[in-house]
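The next block holds one structure in the form of structure tokens; read it before the comments.
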Amino acid sequence: MDQGPVVIDEIYAGSRFLAEFQEYIPIKTAFWLKESDEMQRYLYVASDEITDDNFDIAYGEVIRIASKLDDPLFDPFKVKLVGGHHPLAKEASNIRKYYRPESAVRLRDKVFGGSLAEEVYIYPENTVKIAT
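So for the sequence shown, numbering that gives the first Met the number 0 puts the first residue at 0; every next one is plus one.
What follows is the structure, encoded as structure tokens:
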């Protein structure tokens, strides 16, 4: 997969994964992030239920779902699970508030969660059933 901007195929593959993953655990927010100093972009999935105590179990679910989806455009090793209070999750949730729920948010060359982000794509709320 090219390392340019997040492409529609990757976004779609991520949304298919998120639909399955939120059956396992409620998702607070989900977004693709490519930090300026990173070679890869990653799909961050934030949930208040992800903790240090269950991180390994939750990541096992990522692997299980990836195997079930069998999608060559979805790489489970590009998924980063974080708690709902992680600085990047908070930033995505705060930004999300300023946009319509059905709209995706795409940012370029912005400070995001304290880091310089080359690109951010925050999924629409209707893609991720936001946990309240």
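Backbone N, C-alpha and C fix where the C-beta goes; we use that ideal spot for every residue, glycine too.
6 Å CB neighbourhood of residue i in its chain, flanking five on each side removed
i: I121; result: F30, A91, R95 and V104
i: Y98; result: V104
Buried versus exposed call for residue i [16 or more other C-beta atoms within 10 Å across all chains shown]
i: L115; result: exposed
i: F111; result: buried
i: V6; result: exposed
i: T126; result: buried
i: F76; result: exposed
Between the CA atoms of residue j and residue i - distance to the nearest angstrom
i: I56; j: R107; result: 33 Å
i: F73; j: E22; result: 18 Å
i: A18; j: S46; result: 14 Å
i: K33; j: G113; result: 13 Å
Nonlocal neighbours in the same chain, by C-beta distance under 7 Å from residue i, ignoring five residues either side
i: F54; result: L80
Among the options, the one whose alpha carbon lies nearest that of residue i
i: K89; options: S66, K27 and G13; result: K27
Practice task
At 4 residues or longer, and completely inside the region 84-121: list those alpha helix (DSSP H) runs for me, N to C.
Solution key: Entirely contained in the region 84-121, the alpha helix (DSSP H) runs reaching 4 residues are, in chain order, 86-95.
Exercise for the section: Run through the region 11-89 for me and flag every whole alpha helix (DSSP H) of 4 or more residues, listed as ranges in chain order. Expected result: The alpha helix (DSSP H) runs of length 4 or more contained entirely in the region 11-89 are, from start to end of the chain, 54-68.
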